[in-house]
Structures are given as C-alpha cells and as structure tokens.
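Read the structure below first, then the notes.
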Amino acid sequence: MPRRACYACRSSKVRCKVQGGATGCERCVARKLHCSYTPKSQSSSRSDLIPSSPWAPPEQSAFESPPMRQANQDYRMERGTLGLDVGKGRPEDLLREGEFTHSLILLYFSNFSDIHFMFDEELFLADFSTSQIPKVILYSIMALSIRFSMAPFTEDLPPCHRGELLFKHARTLLVEDFDWPSVPTIQAYLLLGTYKLAFGGSRQAYVYLGFAANMLRALRLLDISEGEPSVSVETHRRLICTMALMDRLISFPLRLTPHFSRRDKIPHMLHDDEFLALKRGRASQTLGAHSNVKVVSVSQEVMFLSEILAELYELFHDGQDDVNQVLSKFTRHSATRSASLLWTPSNISHHLRHDTLRQFAYMHLLYHHIGQLVHFKALRPTSTQKPYANHQHLETFVNMFSRDKSIWARMFNDNPHLLRQMLYLGSYYEKFDPRTAGRRIGIEALLEST
168 MPRRACYACR SSKVRCKVQG GATGCERCVA RKLHCSYTPK SQSSSRSDLI PSSPWAPPEQ
228 SAFESPPMRQ ANQDYRMERG TLGLDVGKGR PEDLLREGEF THSLILLYFS NFSDIHFMFD
288 EELFLADFST SQIPKVILYS IMALSIRFSM APFTEDLPPC HRGELLFKHA RTLLVEDFDW
348 PSVPTIQAYL LLGTYKLAFG GSRQAYVYLG FAANMLRALR LLDISEGEPS VSVETHRRLI
408 CTMALMDRLI SFPLRLTPHF SRRDKIPHML HDDEFLALKR GRASQTLGAH SNVKVVSVSQ
468 EVMFLSEILA ELYELFHDGQ DDVNQVLSKF TRHSATRSAS LLWTPSNISH HLRHDTLRQF
528 AYMHLLYHHI GQLVHFKALR PTSTQKPYAN HQHLETFVNM FSRDKSIWAR MFNDNPHLLR
588 QMLYLGSYYE KFDPRTAGRR IGIEALLEST
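Residue numbers for the sequence shown, in the numbering used here: 168 to 617.
Below, the structure written as structure tokens:
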C-alpha cells in the first residue's frame with residue numbers, strides 16, 4: 168500500500184492505487200468521488216505559498232485535510248476554495264474548522280451583546296483558545312451566529328436555516344444534563360431559548376427560560392453578596408441580569424407569569440471599566456472610587472429600563488389605567504441621567520470606536536418605547552401647560568401625531584416596496600419556504616394594493 172492514501176480508501180481499508188501522474192486514485196475516479204490523495208510535491212521556491220497555510224491548494228499542502236465522510240459531509244474543499252455546506256452531515260466536522268468557529272464566536276458577540284451580558288468576550292476567547300468551553304455552548308453560539316456569516320456556503324438554504332443542524336445537535340447534548348443544575352447548563356438553556364425566540368418560537372423560549380430559572384434557584388445564585396469583588400461573582404451577576412432581561416421581554420407579551428418576581432433581588436452589574444480593572448487585578452482602587460461616584464453602564468441602564476417596562480406591563484395586565492407613579496419615576500430618571508447615556512454625537516462616536524453601538528442603540532430603543540407608553544395620554548394635552556417640557560423625546564411624538572394621524576399608512580403609501588420587503592424579511596421567521604411565504608392567500612391582495 169502506498170505511503171499516502173486518500174481518506175476514502177483509508178476509511179474503507181482498501182488499497183489506494185494511483186496510475187502515473189493521475190490526480191486521484193482508481194477507486195475514487197471510478198466512483199466519481201473527490202479524491203484527497205496528495206501526490207509527492209516538488210521542491211518549491213520561497214515565493215510559493217506557505218505549505219502549512221490553510222489557504223494553500225491541496226497539491227501544495229504538506230498536511231492533508233481532516234477526514235470527512237464522502238456521503239455525509241458538512242463542508243468540502245473544492246480546488247483550494249473553502250466551501251461550507253451546513254445543510255448536510257455532522258456538526259462535529261464543522262467544529263473542526265477552528266478559524267471558522269472563531270469567526271462565529273465574534274459574530275455572536277457583535278450581534279447579541281445588547282441582550283446577552285452573561286459572557287465576557289475577553290474571558291470567553293481565552294477559554295476557547297484552551298478548549299475549556301463546553302461543546303454544547305459552542306454549538307449553541309454557532310447556531311445563533313451562523314446566519315450572519317459571510318463564509319462561502321455552497322448549499323441553497325436561506326441564512327436563517329443554517330443554524331438548524333447546530334441547534335439540534337446542541338439540544339441533543341443538553342439532554343444528557345437537562346436535569347443537572349450547573350452554570351453551563353443554564354447558559355445553554357438561555358442560548359437555545361434565544362435561538363427559538365429569534366425564529367418565532369417564543370413559547371419554547373419561555374419554557375427554556377423556566378428551566379434555567381429553576382436551576383438558578385437550585386444553585387442559590389440569587390444570594391450573591393453585593394460587596395464581593397470577584398470575576399466569577401461578577402459573571403454570575405451578569406448571568407442573572409441576562410435571565411431577568413429575557414424574562415421581562417418574553418413573559419408579559421405572551422401573557423404568562425414571569426419567572427422572576429419583585430421579591431427577587433436582581434444584582435447590579437459593574438461598569439465595563441470596573442470589570443476590566445477587576446480582571447486586571449486593580450479592583451480595590453476602582454471599587455473604592457465607585458463607592459463615592461455612581462457610574463452606570465449601558466447594560467445596567469438597559470436593566471433599569473426593562474424594570475420600568477415590566478411595571479407598565481403589570482399595570483396593563485391588571486387592567487389599571489393610572490400610570491402616574493411610573494410616569495414620575497421615568498421623568499425623574501430622565502432628568503438625572505448621566506451625560507454618557509445621552510444620544511449625542513460624542514457618545515455615538517465613543518461607542519462606535521468600542522464596538523458597543525448596538526447595545527447603546529438598543530438602550531435608546533427601550534427608552535423611546537417606554538416614553539411612548541407612559542406619555543400616551545399626553546399626546547392630547549388637556550391643559551395649557553406643556554407636559555413634555557422636561558422630556559427629551561415627547562415633543563417629537565406630539566408633533567408627529569398632530570401632523571398626520573395616519574402617518575404609518577402614509578409611510579407605506581409613499582414607499583410601495585417597503586411592505587413587500589418587510590414581508591419578505593418576516594418570512595425568514597416562519598417555517599415556510601421564504602420564496603413562497605409572501606404569496607399566501609390574504610397577503611397577496613395586500614401586496615397588490617400597495
């Protein structure tokens with residue numbers, strides 16, 4: 168048997184025969200399969216590609232690609248061009264692509280950092296480099312972020328369906344520890360719940376969140392001391408805040424009982440600079456300064472706004488119409504906010520440089536939404552005094568409403584393609600073929616009317 172053999176012959180334990188200068192063995196050529204046999208390379212000059220480079224063509228590489236199943240493969244190498252096919256095969260083969268997995272992790276932090284505080288990017292990447300991240304966490308993160316990837320995929324699936332294989336495999340791994348309380352299991356439940364929430368499975372996300380909340384109570388993580396400076400304690404605080412935020416955003420719109428009540432003490436997260444100092448071992452000076460000057464991070468502001476939103480949901484759920492108490496709380500908070508939280512060009516540039524603009528914009532989205540809810544009656548003021556004098560956005564709402572009561576209908580009339588684009592994007596969240604989801608009965612007439 169030759170010293171080098173293709174993976175098809177090696178896995179079948181048969182002789183790999185190559186004729187002369189052929190590029191493949193006789194067995195693969197007869198079966199019309201891609202042969203991984205690498206002929207003996209000639210000496211190359213310094214101007215050639217580095218032999219160990221992952222982008223080098225197969226005939227110039229000194230190392231053979233990892234073994235793949237010929238009939239059941241996740242990706243394939245086509246003449247030196249990496250083509251990923253995630254619609255078939257095993258997720259384990261996809262995880263072997265370390266550079267691709269690393270890019271998906273970065274995409275996760277870029278696209279989900281506005282609601283997921285439970286992972287610190289620096290700590291996570293350090294643990295990933297030493298293979299300390301559980302596979303169920305990696306598969307769950309890859310399932311969430313693969314639709315944002317610009318890798319050369321070869322399958323015809325839409326981007327929203329690329330994570331199904333990874334999601335199912337992560338759920339299979341989670342079954343083994345579904346009733347064993349641990350922090351990685353809680354994190355996996357939150358990741359899988361976020362995946363379901365992103366594609367319309369809000370009730371399943373609520374169930375996943377319930378499992379995570381029960382494990383959180385079983386581990387007594389809510390009893391964390393506020394004054395204990397530790398990286399592990401701060402990561403637990405951020406995990407609790409992530410769960411509380413998701414609970415407030417999921418439970419009330421579904422008209423279901425929240426997993427967290429007002430009796431549960433949700434801890435406060437440190438500012439990003441304080442957490443960085445804690446990781447660098449300089450927590451004593453920073454935390455001492457923090458006791459005198461109140462510094463609020465964007466993530467903590469998101470938590471505070473979600474708390475106000477939960478109070479409004481409870482009032483509306485109980486049929487109460489008096490929101491004056493919440494209104495005064497929101498007005499006081501708006502007047503005393505830190506200058507670093509305002510929507511100003513300098514703050515926007517700062518967050519753009521630090522790649523935190525998404526979370527900053529999400530904070531203001533919550534602020535606008537709550538402002539609309541608590542000032543809804545003020546759109547028709549009954550007194551001569553302007554009730555929106557101390558509010559940053561309410562005057563804009565009043566002018567918008569008084570100018571045209573059918574402003575949303577006029578927006579679609581002025582942009583006839585907007586509704587079609589919204590329906591096309593919305594079809595990705597359905598389990599129908601996105602090429603036909605916008606042409607069902609009822610929607611077709613709506614499209615024609617535009």
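Note that CB positions come from ideal geometry on N, CA and C, so glycine has one too. This structure is a prediction, so every number in the text was calculated from the model and none was measured.
N-terminal and C-terminal residue of the alpha helix (DSSP H) that E401 is part of: V398 to I417
Where E266 falls, given that 16 or more other Cβ within 10 Å makes a residue buried: exposed
Boundaries (first-last residue) of the alpha helix (DSSP H) holding K363: V350 to A365
S280 and Q467 closer than 7 Å at C-beta: no
M309 beta carbon less than 7 Å from that of L271: yes
Inter-residue spacing [alpha-carbon to alpha-carbon] between R442 and R182: Looking at the sequence itself, residue 442 is Phe, so the reference to Arg does not match. Each residue's Cα considered, the two are about 59 Å apart.
Own chain partners of I217 with C-beta closer than 6 Å, once the 5 adjacent residues on each side are dropped: Only weak support exists for where I217 lies, its pLDDT of 33 falling under 50; the value from the coordinates is given anyway. The beta carbon of I217 is closer than 6 Å to none in its chain, skipping five residues each way along the sequence.
DSSP state of F345 mapped onto helix, strand, coil: coil
Simplified DSSP state of F320, which is helix, strand or coil: If DSSP states are grouped into helix, strand and coil, F320 belongs with the strands.
Opening and closing residue of the alpha helix (DSSP H) in which E193 lies: For E193, the enclosing alpha helix (DSSP H) has its first and last residue at E193 to R198.
Every unbroken alpha helix (DSSP H) inside the region 444-528 [4 residues or more]: 450-459, 465-484, 491-502 and 512-520
F483 Cβ short of 6 Å to the ligand ADP heavy atom set: Ligands in the displayed structure: none, and consequently the ligand ADP is not present.
Cα-Cα separation, H536 to E401: 29 Å
Nonlocal neighbours in the same chain, by C-beta distance under 8 Å from V493, ignoring five residues either side: For V493, the CB contacts under 8 Å within the same chain, skipping 5 residues up- and downstream, are I475, E478, L479, L482 and V541 in chain order.
Which of helix, strand or coil DSSP assigns to L311: helix
Three-state secondary structure (DSSP) of A372: A372: helix per DSSP, three-state reduction.
Three-way DSSP call (helix, strand, coil) for H269 in this model: helix
Three-state class that DSSP yields for K335 in the structure shown: Looking at K335 - three-state DSSP - the assignment turns out to be helix.
For G330, three-class secondary structure by DSSP: coil
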